[in-house]
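Chemist: Okay, handing you the structure first.
Residue numbers (the numbering used here): 26 to 631.
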């Protein structure tokens, strides 16, 4: 039996049926380079990919922050899961059944959060059922139909209706064993002055808000008669922080990866309408401006974000803020163009899905095209002074654009529109580039080109024996024959304690009849520090053909260090004794011997 009393063979089956590249690919945009996949590390902020995943060995490692492990470790780190939760999540994904009895189902969440999650799950089902199949939900269902939302979308988004009955939900959930106090704290019920409670969302269309693994953590409710406010969200909690979540992210993930683009909206209805119009790589913020955590989340998944906010003045202001935040985190930006009186939902209702796809999404502006449109709001272009200021502002922004083709395109556009020579505009713009210290031809760089340099953590030059031990372990992890040879000739004779422990574990691992399997091997190590070391060693570049001579050289270097270290220790003790006996000549001779051995050590296999 392994951790949590889950049989080892079940853990192995779950691990083998969840390809690490697919699982991590749901969290990080991975690009293949050689034999490995690279992406931006989800555990620390970086703009150059140093996070590597290998399909062959089923492990990941970040050369920047040093984190590494297998698919189970990744889920524990990424979702803050307990071991059981990671196994359960992966088992559900691969359709593997976990044994019912004898398993300690410990959770990384507080008891309270687990109860709130469970209450939200029950309510999602209840609200949805009421909307679809009961008299109580009829007015909600009719409203959906009037808004053009079909049964398929109602099903996909699990939309629901909270009936306008004061204690309907309170009764339903208390019968299920939930504490009233907890439901008030979670914002499912509202406390009235007379100590009475009522359903917070009564009389509203219900939008379950799911986290990125598909669990309902909150609700958004929209009133269908003049009830204020129009939109009402659950309050923030340990489970629900609206600045960190994006609506529909769990369903959109696979479409985002496929399209390598994401469309960002401001509201639930925009997402649902777009989904019905067969644009499925769509997410929305939750009633607030885009935040830095949301921008970073998108940047990890995708290179291009198409911002599709309302076409009015407020929508343009919000677009400008969101665009700059996303650019700062490293995303490329496009901006969909909507008329002043339009939002994405109303455009789709009026013009249909093909027009939305072709005239709004595919016809998106570049950031620069949008910026020129946005800037025009601040100037009266009929006045010469305003025209000059406007052009200066555009040139300053254009100077920051990396692509020389894009710069030239917009310079021509300004030249034609305002009848100014292209030479004057180019000269002015280059002046701004020089002030910013931008090199003359700053070609656009792709963050995933083969020139990507992996930012190795600062490592001091390590002695030959240390590198020999690491190399030897890296080959032992791949080959049981090499491990047998090392066991016979070196045994536990590694000089570095951690290497000694790893080698001893490997001897046992192969003795139990296992074939080389790095992912399984690290599962059996209980010490996280050792796990990280094994992953780091396993990620070292390897030779296809490993000669016996190379292995023998490594063993010799390790043994020499071991013997020389013992000799130096013994000579130092003799030197000390000679000094105590007042024999400087003998002490000096011993010092020379020590220097000779140290020189010899340096010369061994550099």
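Ideal Cβ placement from N, Cα and C applies to all residues, glycine included.
1) Near residue 454, which residues of its chain fall below 8 Å by C-beta distance, leaving aside the five closest residues on each side in sequence?
2) What are the complete beta strand (DSSP E) segments, minimum 3 residues, inside the segment 62–148?
3) Nearest to residue 190 by alpha carbon, out of 204, 152, 170 and 488?
4) Within the chosen definition, does the segment 41–49 reach the segment 85–98 through at least 3 CB pairs nearer than 8 Å?
5) Within its chain, find whatever has a CB closer than 8 Å to the CB of residue 478; leave out the 5 residues flanking it on each side and keep chain order.
6) Using alpha carbons as the reference points, say which of 305, 299, 262 and 261 lies closest to residue 276.
7) Quick one: what's got a C-beta closer than 6 Å to residue 613's C-beta in the same chain, skipping five residues either side?
8) My guess is that residue 188 and residue 162 are in contact by the Cβ rule of under 8 Å, so how many angstroms apart are they, rounded?
9) First and last residue of the alpha helix (DSSP H) that includes residue 492?
10) Pair every Cβ in the segment 87–98 with every Cβ in the segment 533–540, then say whether three or more of these pairs are closer than 8 Å.
11) Per DSSP, residue 224 is paired with what?
12) Buried or exposed: where does residue 563 fall if 16 or more other Cβ atoms within 10 Å of its Cβ makes it buried?
13) Would a C-beta distance cut-off of 9 Å place residue 296 and residue 326 closer than the cut-off?
14) What does DSSP give as the partner residues of residue 150 in its beta bridges?
15) Whole angstroms are fine: how far does the CA of residue 115 sit from the CA of residue 566?
16) So, does the segment 400–415 touch the segment 361–372, judging by three or more C-beta pairs under 8 Å?
17) Looking only at its chain, what residues have a beta carbon closer than 6 Å to the beta carbon of residue 149, apart from the 5 residues adjacent to it on each side?
18) Could you check the C-alpha separation between residue 101 and residue 287 for me, to the nearest Å?
19) Hey, quick one: how far does the alpha helix (DSSP H) through residue 259 stretch, first residue to last?
20) Output the distance between the C-alpha atoms of residue 331 and residue 293, rounded to the nearest integer angstrom.
21) Could you spell out the range, first to last residue, of the beta strand (DSSP E) harbouring residue 230?
22) Can you check whether the CB of residue 264 is closer than 9 Å to the CB of residue 673?
23) If you draw a straight line from the alpha carbon of residue 68 to that of residue 164, how long is it in whole angstroms?
24) Report the rounded CA-to-CA distance for residue 2 versus residue 246, giving the unit in angstroms.
25) What are the boundary residues of the alpha helix (DSSP H) that residue 282 is part of?
26) Among residues of its own chain, excluding the 5 on either side of residue 457, which ones have a beta-carbon nearer than 7 Å to its beta-carbon?
27) How many whole angstroms separate the CB atoms of residue 527 and residue 498, which I take to be in contact at a CB cut-off of 8 Å?
28) Identify which residue in 363, 199, 319 and 490 has its Cα closest to the Cα of residue 340.
29) Starting from residue 533 and walking both ways along the alpha helix (DSSP H), at which residues does that stretch end?
30) Helix or strand or just coil, what does DSSP make of residue 432?
31) Do residue 169 and residue 213 have their C-beta atoms closer together than 9 Å?
32) Would the segment 355–362 and the segment 381–400 be scored as touching if the rule is three or more Cβ pairs under 8 Å?
33) With a 10 Å radius around its C-beta and 16 neighbouring C-beta atoms as the bar for buried, classify residue 166 as buried or exposed.
34) Rounded to whole angstroms, what is the Cα-Cα separation between residue 483 and residue 604?
35) Alpha carbons only, please: which of 204, 573 and 238 is nearest the one belonging to residue 222?
Modeler: Inspection of the coordinates gives the following:
1) On the chain shown, residue 454 is found 429 positions in, with the first residue counted as 1. 420, 423, 424, 432 and 436, listed in sequence order.
2) 76–79 and 84–87
3) Here the question's residue 190 lines up with position 165 in the chain shown. Nearest C-alpha to residue 190: 152.
4) yes
5) Stepping through the chain shown from its first residue, residue 478 is reached at position 453. Per-residue confidence for residue 478 stands at a pLDDT of 43, beneath the threshold of 50, marking its modelled position as unreliable; the derived number appears in the next sentence. Same-chain partners within the cutoff: 73.
6) Numbered from 1 along the chain shown, position 251 holds the residue referred to as residue 276. With distances taken between Cα atoms, residue 276 lies closest to 305.
7) In the chain shown, the residue the question calls residue 613 occupies position 588. Closer than 6 Å at Cβ, skipping near neighbours: no residue.
8) As a working note, residue 188 is residue 163 in the chain shown. As a working note, residue 162 is residue 137 in the chain shown. The Cβ separation is near 7 Å, so the contact holds.
9) Reading the chain shown from its first residue, position 467 is the one you call residue 492. Per DSSP, residue 492 belongs to the alpha helix (DSSP H) from 489–501.
10) no
11) For this step, residue 224 is matched to residue 199 along the chain shown. Listed as beta-bridge partners of residue 224 by DSSP are 214.
12) If you number the chain shown from 1, residue 563 lands on position 538. Buried, by the Cβ-count rule.
13) Against the chain shown, residue 296 aligns to sequence position 271. Against the chain shown, residue 326 aligns to sequence position 301. Between residue 296 and residue 326, the C-beta gap is not smaller than 9 Å, which leaves the two residues out of contact.
14) Position 125 of the chain shown, counted from the start, is the residue given in the question as residue 150. Per DSSP, none; premise fails for residue 150.
15) The count along the chain shown starts at 1 and reaches residue 566 at position 541. The count along the chain shown starts at 1 and reaches residue 115 at position 90. Rounded to the nearest angstrom, the two C-alpha atoms are 29 Å apart.
16) no
17) Translated into positions along the chain shown, residue 149 becomes position 124. Within the same chain, residue 149 has close Cβ partners 183, 233 and 241.
18) On the chain shown, position 76 is the one that residue 101 refers to. On the chain shown, position 262 is the one that residue 287 refers to. Their backbone Cα atoms lie some 27 Å apart in a straight line.
19) Translated into positions along the chain shown, residue 259 becomes position 234. Looking at the DSSP string, residue 259 is not in any alpha helix (DSSP H), and its letter there is neither H nor E.
20) Position 306 of the chain shown, counting from 1, holds the residue named residue 331. Position 268 of the chain shown, counting from 1, holds the residue named residue 293. Answer to the nearest angstrom: the Cα atoms are 16 Å apart.
21) On the chain shown, position 205 is the one that residue 230 refers to. Run containing residue 230: 229–235, per the beta strand (DSSP E) assignment.
22) Nothing about residue 673 can be read from this structure; the chain reaches only from 26 to 631.
23) Position 43 of the chain shown holds residue 68. Position 139 of the chain shown holds residue 164. Approximately 46 Å between the Cα atoms of the pair.
24) It is not possible to answer for residue 2, since the shown part of the chain is limited to 26 through 631.
25) For the purposes of this step, residue 282 is identified with residue 257 of the chain shown, where counting begins at 1. Note, residue 282: alpha helix (DSSP H), 274–284.
26) In the chain shown, residue 457 corresponds to position 432, counting from 1. Counting only Cβ-Cβ distances below 7 Å, and skipping sequence neighbours, we find 420, 421 and 424.
27) Counting from one through the chain shown, the residue named residue 527 turns up at place 502. Counting from one through the chain shown, the residue named residue 498 turns up at place 473. The Cβ separation is near 6 Å, so the contact holds.
28) Along the chain shown, read from residue 1 onward, the residue named residue 340 stands at position 315. For residue 340, the nearest C-alpha among the options comes from 363.
29) By one-based count along the chain shown, residue 533 stands at place 508. From DSSP, the alpha helix (DSSP H) with residue 533 extends over 522–536.
30) As a working note, residue 432 is residue 407 in the chain shown. Of the three classes helix, strand and coil, the one that applies to residue 432 here is helix, per DSSP.
31) In the chain shown, counting from the first residue as 1, residue 169 sits at position 144. In the chain shown, counting from the first residue as 1, residue 213 sits at position 188. No, they are not a contact pair.
32) Enough Cβ pairs lie closer than 8 Å, so yes.
33) As a working note, residue 166 is residue 141 in the chain shown. Buried.
34) Looking up residue 483 in the chain shown gives position 458. Looking up residue 604 in the chain shown gives position 579. Confidence at residue 483 is low in this model, with a pLDDT of 44, below 50, so its placement is unreliable and the value that follows should be read with caution. Distance between the alpha carbons of residue 483 and residue 604 is about 40 Å.
35) Residue numbering aside, residue 222 sits at position 197 when the chain shown is read from its first letter. Ranking 204, 573 and 238 by Cα distance to residue 222 puts 204 first.
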